[in-house]
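Enquirer: 218 is the number that numbering that gives the first Met the number 0 gives to position 219 of the sequence shown; each next residue is one higher, with no gaps.
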Amino acid sequence: MPPPSPELQEVIPQRDNASRANIFFRWVFQPFLRSFMSPSGPAPPSSYQENNNALIPRTFSGLGMPCFQCFVQDNDPRILYTGQWKLNQFKAFTTHSSAVSGSMASLTFNGTGITVFGTVSASNATVKPPTVVYQVNAAPPFTTTQPFASQDVFNQPLFSLTLGTEWAENKITIRVIDAEAPFVLDSFFIFPANMTMDSNSTAMGNAKASPTSTGASNETKPSLSSPGSISKESGSQSTIRVLAGLLGVTLLLVLAMAVFIVLHCLRQRRRTRPKPRPETTYTHFTGTDTIFPPSLNWTGSLSRSDGMRSVYGRGLSDHIQAEATEVPPVPPKIPFRRNTLTYA
Numbered sequence: 000m001p002p003p004s005p006e007l008q009e010v011i012p013q014r015d016n017a018s019r020a021n022i023f024f025r026w027v028f029q030p031f032l033r034s035f036m037s038p039s040g041p042a043p044p045s046s047y048q049e050n051n052n053a054l055i056p057r058t059f060s061g062l063g064m065p066c067f068q069c070f071v072q073d074n075d076p077r078i079l080y081t082g083q084w085k086l087n088q089f090k091a092f093t094t095h096s097s098a099v100s101g102s103m104a105s106l107t108f109n110g111t112g113i114t115v116f117g118t119v120s121a122s123n124a125t126v127k128p129p130t131v132v133y134q135v136n137a138a139p140p141f142t143t144t145q146p147f148a149s150q151d152v153f154n155q156p157l158f159s160l161t162l163g164t165e166w167a168e169n170k171i172t173i174r175v176i177d178a179e180a181p182f183v184l185d186s187f188f189i190f191p192a193n194m195t196m197d198s199n200s201t202a203m204g205n206a207k208a209s210p211t212s213t214g215a216s217n218e219t220k221p222s223l224s225s226p227g228s229i230s231k232e233s234g235s236q237s238t239i240r241v242l243a244g245l246l247g248v249t250l251l252l253v254l255a256m257a258v259f260i261v262l263h264c265l266r267q268r269r270r271t272r273p274k275p276r277p278e279t280t281y282t283h284f285t286g287t288d289t290i291f292p293p294s295l296n297w298t299g300s301l302s303r304s305d306g307m308r309s310v311y312g313r314g315l316s317d318h319i320q321a322e323a324t325e326v327p328p329v330p331p332k333i334p335f336r337r338n339t340l341t342y343a
């Protein structure tokens, strides 16, 4: 199997620990930080919930939850690149850049608006900044030239457009016209439907509340809030979310510490509590009467043929002592007869 080309090696990074850390930082940590910048609101209409299109950016209910998929990164497979583009990597981030006229990038999305983020490349009088044309759906194209910059300025909004309140499929096309300094694309931010529903509902509520001379309801064009007000509201909401999260973590740590202290005190109390001594049965060894059974303790006397009596006292000790002190007499001689002789 032939070795992969340098271009393929550039696109497909090696699976090492550094790349895994970069992937985690890019796809988990970075969207989480950016999510605090995105405002939240009511849920999208039912048509959004019934649509299974994968291009729809997913949002949450109006509980101040972050929108993780409102950002579309430059290496997202939904972005179609045509022409000569270069994939760049800076720490945990990637960008697509092109310095060739005629290069295009397009994205099909569902939302009510879109903002293009990129890098303003360093340029001067000799190396002029790029000129780019933005076009959304069938709207007239918008041509713009980036400003001069002494050095690269990252994560800058290059183009933004609000499409209204309808939740529909849209397409944005970016075409590079003249680029002595490269045009650098970073990401897209797709506005969900809930960002314009608030202003629309407010305007419609004001229209219904205002009386008319003819008695018919007048149609009122919804007014969108300015970017400054949106940024202030989103900043205050993000601050409240951060403070609430810190308060919750602090309370959880205090509760865990209290439980640990209570359990530790209970264990120490159980260890220091005096243990009851087991019942002890004391036995007084005063004689053989307390050791041997009653069958061995008896009193009696025996008569011998010579008239002597052996007295056995009560208890085994008395019996042993009597046998030891009373020695039996010598038995009498028995005469031995042999033939007629008698020996005495």
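Beta carbons are placed, not taken as given, at the ideal position from N, Cα and C, and that holds for glycine.
As a quick exercise: from Leu160, Pro328 and Val131, pick the residue whose alpha carbon is nearest that of Gln145.
Expert: By 1-based counting over the sequence shown, the position of residue 145 is 146. The residue with the shortest Cα to Cα distance from Gln145 is Val131.
Enquirer: Between which two residues does the beta strand (DSSP E) holding Phe179 run?
Expert: In the sequence shown, counting from the first residue as 1, residue 179 sits at position 180. Note that residue 179 corresponds to Glu in the displayed sequence, not to Phe. Segment: none, Glu179 is in no beta strand (DSSP E) and carries neither H nor E.
Enquirer: So, Leu157 versus Phe116, is the Cβ gap smaller than 8 angstroms?
Expert: Start at 1 with the first residue of the sequence shown, and residue 157 comes out as number 158. Start at 1 with the first residue of the sequence shown, and residue 116 comes out as number 117. Against a cut-off of 8 angstroms, the Cβ pair of Phe116 and Leu157 comes out as a contact.
Enquirer: Can you give me the Cβ contacts of Lys85 inside the same chain, cut-off strictly under 6 angstroms, excluding the 5 residues immediately before and after it?
Expert: Your numbering for residue 85 matches position 86 in the sequence shown. Closer than 6 angstroms at the Cβ level, and outside the excluded window around Lys85, lie Ser96.
Enquirer: With distances taken between CB atoms, is the gap from Ile173 to Met103 smaller than 8 angstroms?
Expert: Start at 1 with the first residue of the sequence shown, and residue 173 comes out as number 174. Start at 1 with the first residue of the sequence shown, and residue 103 comes out as number 104. Yes, the Cβ-Cβ distance between Ile173 and Met103 is below 8 angstroms.
Enquirer: Look at the Cβ atom of Val126, then the Cβ atom of Glu179, and state whether they are nearer than 8 angstroms.
Expert: Within the sequence shown, residue 126 is the residue found at index 127, counting from 1. Within the sequence shown, residue 179 is the residue found at index 180, counting from 1. For Val126 and Glu179, yes; Cβs fall inside 8 angstroms.
Enquirer: In chain order, what residues of the same chain lie with their CB nearer than 6 angstroms to the CB of Phe182, ignoring the 5 residues before and after it?
Expert: Along the sequence shown, read from residue 1 onward, the residue named residue 182 stands at position 183. Cβ neighbours of Phe182 beyond the five flanking positions: Ser97, Pro129, Val131 and Val175.
Enquirer: Since Thr118 and Gln155 should fall inside the 8 angstroms C-beta cutoff, what is the C-beta to C-beta distance between them, to a whole number of angstroms?
Expert: Position 119 of the sequence shown, counted from the first residue, corresponds to residue 118. Position 156 of the sequence shown, counted from the first residue, corresponds to residue 155. Indeed they touch by this definition, with Cβ atoms about 7 angstroms apart.
Enquirer: Enumerate in chain order the residues of its own chain whose CB-to-CB distance from Pro210 is below 7 angstroms, with the five nearest sequence positions on each side excluded.
Expert: Translated into the one-based positions of the sequence shown, residue 210 becomes position 211. For Pro210, the predicted model reports a pLDDT of 41, less than 50, meaning its position is unreliable; a value from the coordinates is still stated below. None.
Enquirer: If we require 3 or more residues per run, which beta strand (DSSP E) segments fall completely within the segment 89–150?
Expert: As far as the segment 89–150 is concerned, its whole beta strand (DSSP E) runs of at least 3 residues are 92–97, 103–110, 112–119, 130–135 and 141–144.
Enquirer: When you compare only the Cα positions, how much space is there between Val248 and Thr238?
Expert: Taking the first residue of the sequence shown as position 1, residue 248 is located at position 249. Taking the first residue of the sequence shown as position 1, residue 238 is located at position 239. Straight-line Cα distance between these residues: approximately 15 angstroms.
Enquirer: Starting from Lys85, follow its DSSP beta bridges and name the residues at the other end.
Expert: In the sequence shown, the residue the question calls residue 85 occupies position 86. Beta-bridge pairing links Lys85 to Ser96.
Enquirer: State the Cα-Cα distance for the pair Ser122 and Gly110, rounded to the nearest angstrom.
Expert: Translated into positions along the sequence shown, residue 122 becomes position 123. Translated into positions along the sequence shown, residue 110 becomes position 111. So the two alpha carbons sit approximately 34 angstroms from each other.
Enquirer: May I have the straight-line CA-CA distance separating Leu79 from Phe141, to the nearest angstrom?
Expert: Within the sequence shown, numbered from 1, the residue matching residue 79 stands at position 80. Within the sequence shown, numbered from 1, the residue matching residue 141 stands at position 142. When rounded, the distance between both Cα atoms is 20 angstroms.
Enquirer: Kindly indicate if chain B contains any beta-carbon less than 8 angstroms away from that of Gly163.
Expert: Included in the structure is just one protein chain, with no chain B present.
Enquirer: Taking the C-alpha atoms as reference points, what is the distance between Ser149 and Phe70?
Expert: As a first step, residue 149 must be located in the sequence shown, where it is residue number 150. As a first step, residue 70 must be located in the sequence shown, where it is residue number 71. Distance between the alpha carbons of Ser149 and Phe70: 28 angstroms.
Enquirer: If you compare alpha carbons, which of Gln134, Pro76 and Asp185 is closest to Thr94?
Expert: Here residue 94 refers to the residue found at position 95 of the sequence shown. Closest by alpha carbon: Asp185.
Enquirer: Could you check the C-alpha separation between Phe190 and Val135 for me, to the nearest Å?
Expert: As a working note, residue 190 is residue 191 in the sequence shown. As a working note, residue 135 is residue 136 in the sequence shown. Looking at the two C-alpha atoms, the distance is approximately 14 angstroms.
Enquirer: Can you give the Cα-Cα distance for Gln68 and Phe108, rounded to whole angstroms?
Expert: Within the sequence shown, numbered from 1, the residue matching residue 68 stands at position 69. Within the sequence shown, numbered from 1, the residue matching residue 108 stands at position 109. Roughly 12 angstroms between the two C-alpha positions.
Enquirer: Please state the DSSP three-state secondary structure of Gln155.
Expert: Here residue 155 refers to the residue found at position 156 when the sequence shown is read from its first residue. In the structure shown, Gln155 sits in a strand (DSSP, three-state: E or B).
Enquirer: Keeping to the same chain, check which residues put their C-beta closer than 6 angstroms to that of Gly101; ignore five residues upstream and five downstream.
Expert: For this step, residue 101 is matched to residue 102 along the sequence shown. Hits under 6 angstroms: Gly82.
Enquirer: Let me know the secondary structure DSSP gives Ala192 once reduced to three states.
Expert: Position 193 of the sequence shown, counting from 1, holds the residue named residue 192. Three-state result, Ala192: coil.
Enquirer: Would you decide whether Ile113 is buried or exposed? Buried here means 16 or more other CB atoms lie within 10 Å of its CB.
Expert: Within the sequence shown, the letter at position 114 stands for residue 113. Under this definition Ile113 is a buried residue.
Enquirer: For Ile260, count neighbouring C-beta atoms within 10 Å of its own C-beta (all shown protein chains included) and say buried if the count is 16 or more, exposed if not.
Expert: As a first step, residue 260 must be located in the sequence shown, where it is residue number 261. Exposed, by the Cβ-count rule.
Enquirer: Return helix, strand or coil for Thr172, following the three-state DSSP convention.
Expert: To locate residue 172, count along the sequence shown from 1; it is residue 173. Looking at Thr172 - three-state DSSP - the assignment turns out to be strand.
Enquirer: On the CB-based measure, 16 or more other CB atoms within 10 Å of its CB, does Phe89 come out buried or exposed?
Expert: Taking the first residue of the sequence shown as 1, we reach residue 89 at position 90. Answer is exposed; the Cβ neighbour count stays below 16.
Enquirer: Name the residue from Phe92, Ser120, Pro139 and Tyr133 whose alpha carbon lies nearest to the alpha carbon of Val152.
Expert: Along the sequence shown, read from residue 1 onward, the residue named residue 152 stands at position 153. Residue Ser120 is the option with its Cα nearest to Val152.
Enquirer: Roughly how many angstroms separate the alpha carbons of Gly244 and Thr143, rounded to a whole number?
Expert: Taking the first residue of the sequence shown as position 1, residue 244 is located at position 245. Taking the first residue of the sequence shown as position 1, residue 143 is located at position 144. Answer to the nearest angstrom: the Cα atoms are 42 angstroms apart.
Enquirer: Out of Leu106, Arg268 and Leu252, which one is the CA nearest neighbour of Glu168?
Expert: To locate residue 168, count along the sequence shown from 1; it is residue 169. The option with the nearest alpha carbon to Glu168 is Leu106.
Enquirer: Helix, strand or coil for Val71 per DSSP?
Expert: Here residue 71 refers to the residue found at position 72 of the sequence shown. The answer is strand: DSSP assigns Val71 an E or B state.
Enquirer: Buried or exposed for Pro226, please, with buried defined as at least 16 other CB atoms from any protein chain shown within 10 angstroms of its CB.
Expert: Start at 1 with the first residue of the sequence shown, and residue 226 comes out as number 227. Since pLDDT at Pro226 reaches only 46, below the 50 mark, its modelled position is unreliable, and the value read off the structure follows with that caveat. Exposed.
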